[in-house]
Ligand SMILES: [Zn+2]
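Structure, rendered in structure tokens:
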């Protein structure tokens, strides 16, 4: 298997050892590094997403996170603008290196698995996807 | 080497050990037991029996018979238990090997018990078996609740019973129920205001409450005197005892049928089979290290930031879970969680989400190592209060569950779903006071069980589905609950609009509730949750987390009078009541979600919302038809549809303008590319050396989990510290009321200094 799907939006190309976007195949970063280093990042005021549902003029707690305590850090694919990951962080806290994959072990693990592998997403109802589309990729829409 | 340091000879050492064992002043929680979450190796008997041919069909029969017996006991307790927790399935039943390895629990109930109930049995085996004043005899039953000796939290009480066969212990059985009231500082057994371990209520190490089949009435009377609900204490003691007896009968019946040897082999084989399968499943996950950082915003007394970091390293069939860098324990706050409790939160994530199909026994965790900082809130000392240890246990669950989908997305064989984090807070009311039946009660509302489910990779999360710790738990019938307790839910189980974790698939949402007491001379409510400033539940793969949730109060009027006299003023809606303030003369306020028992006057309104599970994937990929369906159902507002999901639609007909929606979403993607900054540039401006000034912060900062940031309070006030956990001084915080008084006194002094009248 050459392209290993790692998240909804990320795959690892084992030949080139690169993180790629599963939506547009943008080449993101070395698979031996933090994929976030190849993404665009935005510091979002959490009140824009979780807007106050009760009047902030009248109340201290409003369903909105406190923007001095919590920021929403959004990570976008530079190729297609897909939001690949979101982190809720105290202001100034470094983003988390969330997936540090042992590429040599992954290559060994996936050796012998073809390029057309069915990956299930759950067991309550049969929802699968095939990795075939990744190997047949011919460019973004 | 001085004389005093000389080692003893082997013979002398035996004598010294014997002397010390006989002269031990206090049989406290034993670290050798309490730090070991794995099943024990084979006993010589098991070794011998397992070296012979094994009849797999007979083993399977034993397993099924045992689980059927456990399910029967579960049903008995659910049907006959007096505690509200029993009625909605907050309980379990268990069978162990003779050595105390938990092998099976009931199919329903709280799975996390599977990873804590072995500790007290091991204590009994180690300390009471050979103790002449205790001993273990056929017909005995032990009672236990103290989480320091192994429990989820001190409000759960268990009955533990040896099973004898031909004069020897062949197995153990146990039953456990979330009883609620346990004599703690506040009614209901989960005191958010507990300031020392002695505020946590009953602290029962395992002790014998039935002696050769006879109830120790003297001890029961002592227990009844120690709690606010003496009838509950007695009734549920009997409920748990007879349910345990039933399991024992079933176990003895199956031994009669298959013989002792097959029974013993079956228990051990179950443990070993589960371990082998767990190891195989770990080996399917790509090797590497997977990390998440979560924060809690509350001790339940005050807002501050507590860090919960988690790194899961997979190497072959071994999994290491690293919680080092977590916030330190607080010696006068209730959120500390014993190591055993923290581990059971983690294992709940495994048994319910990662490998929900595996038999629930202790050996699931044999392939897992857990690293902690002793002295942290996830591995505190025995003197730390534990009144709300669920805070730690639920974070331990949340950290690990948040990572399972990152570990397993690529796996061609899966055992659970790719799913965003479940809601993980305790958004419900605890209560205490005198009922319409003139009884004093203290317990918790079943709304705890209405947590929103996480979105899956292929479907929205389910609303108010179940607590993450008990898939089959119920939220109860409000009308039936009202027959027992003197308060009503004026708003009940109404999905809170826009309380949604947004995503391609949105999280399941939580409902709003408004309570008011009526017809009682004495009543109070409490809340035990965090997440009013910092969202407790993240999303997955670009999905957003849940919003923060406030506690709200409307006081100073009797809502029952208002509803009778001016019903047009009442609104069945959390948001409208607070924004429009329709009841004249009432005081409206919101608060964080930690409220120690507060007296409720007749008709005072207390309101909160259950929380939402995390969202999955990019909001711009959400099917516009699903967005419209959520508007139609009242789950989201048009504003959310437009501004979060970038849908263009006719607000009257909810017809989507597909072209305009595609354009709006494309425009938002372009806007992201405009505003998003390359990672190195972003990091340069974003990352700070230390937590923000002005926020009391506890735990590591960034990737270096060896140094802990904290604000310690001393005589001179708050002092910021950065040190390894081992060097942290005890953290104790002042009473928030004292701080408020100090602030007011300073204001008065300032006013006096300016000559303003101070008695205004
Ligand atoms: Zn892309």
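Protein chains in written order, with the working numbering: chain W, 7 to 147; chain F, 2 to 761. Yeah, the Cβ is synthetic: ideal placement off N, Cα and C, and Gly gets one too.
Please find out if some non-hydrogen atom of ligand 1 comes closer than 8 angstroms to the beta-carbon of residue 29 of chain W.
On the first chain, residue 29 of chain W is found 23 positions in, with the first residue counted as 1. Yes; taking the cut-off as 8 angstroms, the Cβ of residue 29 of chain W has a heavy atom of ligand 1 nearer than that.
For residue 13 of chain F, count the other beta carbons within 10 Å of its own beta carbon; 16 or more makes it buried, fewer makes it exposed. Which is it?
Counted from its first residue, the second chain places residue 13 of chain F at position 12. Residue 13 of chain F is exposed by the Cβ-count criterion.
Count the other C-beta atoms from every protein chain shown that fall within 10 angstroms of the C-beta of residue 358 of chain F, then say buried if there are 16 or more, exposed otherwise.
Counting from 1 along the second chain, the entry for residue 358 of chain F is found at position 357. Counting Cβ neighbours within 10 Å, residue 358 of chain F comes out exposed, since fewer than 16 surround it.
Could you tell me if residue 407 of chain F is buried or exposed, where buried requires 16 or more neighbouring beta carbons within 10 angstroms of its beta carbon?
As a position in the second chain, residue 407 of chain F is number 406, starting the count at 1. Flag for residue 407 of chain F reads buried.
For residue 184 of chain F, name the three-state secondary structure that DSSP assigns.
Residue numbering aside, residue 184 of chain F sits at position 183 when the second chain is read from its first letter. Reduced to three states, the DSSP call for residue 184 of chain F is coil.
Assuming contact is defined by CB atoms lying nearer than 9 angstroms, are residue 539 of chain F and residue 548 of chain F in contact in what I supplied?
Residue numbering aside, residue 539 of chain F sits at position 538 when the second chain is read from its first letter. Residue numbering aside, residue 548 of chain F sits at position 547 when the second chain is read from its first letter. No, these two residues do not count as a Cβ contact at 9 angstroms.
Can you say whether residue 19 of chain F is buried or exposed, counting buried as having 16 or more other CB atoms within 10 angstroms of its CB?
Here residue 19 of chain F is taken as the residue at index 18 of the second chain, counted from 1. Residue 19 of chain F should be labelled exposed.
What is the C-beta distance between residue 205 of chain F and residue 141 of chain F, in whole angstroms, given that I count them as a contact (C-beta under 8 angstroms)?
As a first step, residue 205 of chain F is located in the second chain; it is residue number 204 there, counting from the start. As a first step, residue 141 of chain F is located in the second chain; it is residue number 140 there, counting from the start. Their Cβ separation, rounded to whole angstroms, is 15 angstroms, which puts residue 205 of chain F and residue 141 of chain F out of contact at 8 angstroms.
If you drop the 5 nearest sequence neighbours on each side, which residues of the same chain put their C-beta closer than 6 angstroms to that of residue 303 of chain F?
If you number the second chain from 1, residue 303 of chain F lands on position 302. Hits under 6 angstroms: 737.
Is residue 439 of chain F helix, strand or coil when you go by DSSP?
Position 438 of the second chain, counting from 1, holds the residue named residue 439 of chain F. Correct three-state label for residue 439 of chain F: coil.
So does the segment 626–646 of chain F actually touch the segment 527–534 of chain F, counting three or more Cβ pairs closer than 8 angstroms?
Taking 8 angstroms as the limit for Cβ pairs, the verdict is that the segment 527–534 of chain F does not touch the segment 626–646 of chain F.
Smallest Cα separation from residue 696 of chain F: which of W/32, W/33, W/34, W/73?
Within the second chain, numbered from 1, the residue matching residue 696 of chain F stands at position 695. Out of W/32, W/33, W/34, W/73, W/73 has the C-alpha closest to the C-alpha of residue 696 of chain F.
Going straight from the alpha carbon of residue 8 of chain F to that of residue 17 of chain F, what length do you get?
Translated into the one-based positions of the second chain, residue 8 of chain F becomes position 7. Translated into the one-based positions of the second chain, residue 17 of chain F becomes position 16. Going from the Cα of residue 8 of chain F to the Cα of residue 17 of chain F covers about 11 angstroms.
Between the Cα of residue 701 of chain F and those of F/732, F/329, F/567, F/688, spot the shortest distance and give me the residue it belongs to.
Residue 701 of chain F sits at position 700 when you count from the first residue of the second chain. Ranking F/732, F/329, F/567, F/688 by Cα distance to residue 701 of chain F puts F/329 first.
Under 8 angstroms between beta-carbons, which chain F residues line up against residue 138 of chain W? List them in chain order, please.
Translated into the one-based positions of the first chain, residue 138 of chain W becomes position 132. Correct list: empty, because the minimum Cβ distance to chain F is about 13 angstroms.
Can you tell me the Cβ-Cβ gap for residue 35 of chain F and residue 151 of chain F, rounded? I've got them flagged as a contact below 8 angstroms.
Position 34 of the second chain, counting from 1, holds the residue named residue 35 of chain F. Position 150 of the second chain, counting from 1, holds the residue named residue 151 of chain F. At roughly 7 angstroms, the Cβ-Cβ gap stays under 8 angstroms, so residue 35 of chain F and residue 151 of chain F are in contact.
What residues from chain W crowd round residue 476 of chain F, counting only those whose CB sits closer than 7 angstroms?
Walking along the second chain from the start, residue 476 of chain F turns up at place 475. Those within 7 angstroms of residue 476 of chain F in chain W number zero; the least Cβ separation is about 21 angstroms.
Could you check if residue 85 of chain W belongs to the surroundings of ligand 1, using beta carbon to heavy atom distance under 8 angstroms?
Taking the first chain and counting its residues from 1, one reaches residue 85 of chain W at position 79. Result yes, Cβ under 8 angstroms from ligand 1.
Is residue 663 of chain F a contact residue of ligand 1, with contact defined as CB to any heavy atom under 8 angstroms?
For the purposes of this step, residue 663 of chain F is taken as the residue at position 662 of the second chain. Residue 663 of chain F: no, Cβ never under 8 angstroms from ligand 1.
Quick one: which unbroken alpha helix (DSSP H) runs of 4-plus residues sit fully inside the segment 518–588 of chain F? Chain order, please.
The qualifying runs are 560–566, 575–581.
At the level of alpha carbons, what is the spacing between residue 276 of chain F and residue 269 of chain F?
Position 275 of the second chain holds residue 276 of chain F. Position 268 of the second chain holds residue 269 of chain F. Taking the straight line joining both Cα atoms gives about 11 angstroms.
If you scan the segment 63–118 of chain F from start to end, which runs of the alpha helix (DSSP H) of 4 or more residues do you find wholly inside it?
DSSP runs (the alpha helix (DSSP H)) wholly in the segment 63–118 of chain F: 85–88.
Taking one C-beta from the segment 16–24 of chain W and one from the segment 128–136 of chain W each time, how about it: are there three or more such pairs within less than 8 angstroms?
These segments do not touch.
When the Cα atoms are used, what is the spatial distance from residue 245 of chain F to residue 460 of chain F?
In the second chain, counting from the first residue as 1, residue 245 of chain F sits at position 244. In the second chain, counting from the first residue as 1, residue 460 of chain F sits at position 459. Computed Cα separation, rounded: 40 angstroms.
To the nearest angstrom, report how far apart residue 112 of chain W and residue 541 of chain F are at their CA atoms.
Taking the first residue of the first chain as position 1, residue 112 of chain W is located at position 106. Taking the first residue of the second chain as position 1, residue 541 of chain F is located at position 540. Roughly 22 angstroms between the two C-alpha positions.
What residues in the segment 575–586 of chain F have a beta carbon less than 7 angstroms from any beta carbon of chain W?
Going along the segment 575–586 of chain F in chain order, one finds 576, 579, 580 with a Cβ nearer than 7 angstroms to chain W.
Rounded to whole angstroms, what's the CA-CA distance from residue 300 of chain F to residue 391 of chain F? Just pull it up for me.
Taking the first residue of the second chain as position 1, residue 300 of chain F is located at position 299. Taking the first residue of the second chain as position 1, residue 391 of chain F is located at position 390. Cα to Cα, the separation comes out at about 12 angstroms.
Thinking C-beta only, is residue 137 of chain W closer than 9 angstroms to residue 11 of chain W?
Here the question's residue 11 of chain W lines up with position 5 in the first chain. Here the question's residue 137 of chain W lines up with position 131 in the first chain. Taking 9 angstroms as the Cβ cut-off, residue 11 of chain W and residue 137 of chain W qualify as a contacting pair.
If we cut at 9 angstroms on Cβ distances, does residue 70 of chain W have a partner in chain F?
As a position in the first chain, residue 70 of chain W is number 64, starting the count at 1. True, the Cβ-Cβ gap to chain F drops below 9 angstroms.
Tell me which residues share the same chain as residue 240 of chain F and place their Cβ nearer than 6 angstroms to its Cβ, disregarding the 5 neighbours each side in the sequence.
For the purposes of this step, residue 240 of chain F is identified with residue 239 of the second chain, where counting begins at 1. Excluding sequence neighbours, residue 240 of chain F sits near 78, 81, 82.
Between residue 687 of chain F and chain W, is there a C-beta pair that is closer than 9 angstroms?
Within the second chain, residue 687 of chain F is the residue found at index 686, counting from 1. Residue 687 of chain F counts as touching chain W.
Flag residue 15 of chain W as yes when its Cβ comes closer than 8 angstroms to any non-hydrogen atom of ligand 1, and as no otherwise.
Locating residue 15 of chain W in the first chain gives position 9, counting from the first residue. Yes - ligand 1 has a heavy atom lying nearer than 8 angstroms to the Cβ of residue 15 of chain W.
By DSSP, does residue 129 of chain F sit in helix, in strand, or in coil?
Taking the first residue of the second chain as position 1, residue 129 of chain F is located at position 128. It is helical.
So, under 8 angstroms CB-CB, residue 207 of chain F and residue 106 of chain F are touching, yes? Tell me the CB distance rounded to an integer number of Å.
For the purposes of this step, residue 207 of chain F is taken as the residue at position 206 of the second chain. For the purposes of this step, residue 106 of chain F is taken as the residue at position 105 of the second chain. Their Cβ separation, rounded to whole angstroms, is 18 angstroms, which puts residue 207 of chain F and residue 106 of chain F out of contact at 8 angstroms.
Taking Cβ positions only, does residue 144 of chain W come closer than 9 angstroms to chain F?
For the purposes of this step, residue 144 of chain W is taken as the residue at position 138 of the first chain. Any reading at residue 144 of chain W must be qualified, since the residue scores a pLDDT of 42, below 50, and its modelled position is unreliable; the value itself is stated next. It does not; no Cβ of chain F falls within 9 angstroms.
Pull up the distance between the alpha-carbon of residue 349 of chain F and that of residue 103 of chain F, whole angstroms please.
To locate residue 349 of chain F, count along the second chain from 1; it is residue 348. To locate residue 103 of chain F, count along the second chain from 1; it is residue 102. Rounded to whole angstroms, residue 349 of chain F to residue 103 of chain F spans 15 angstroms at the Cα level.
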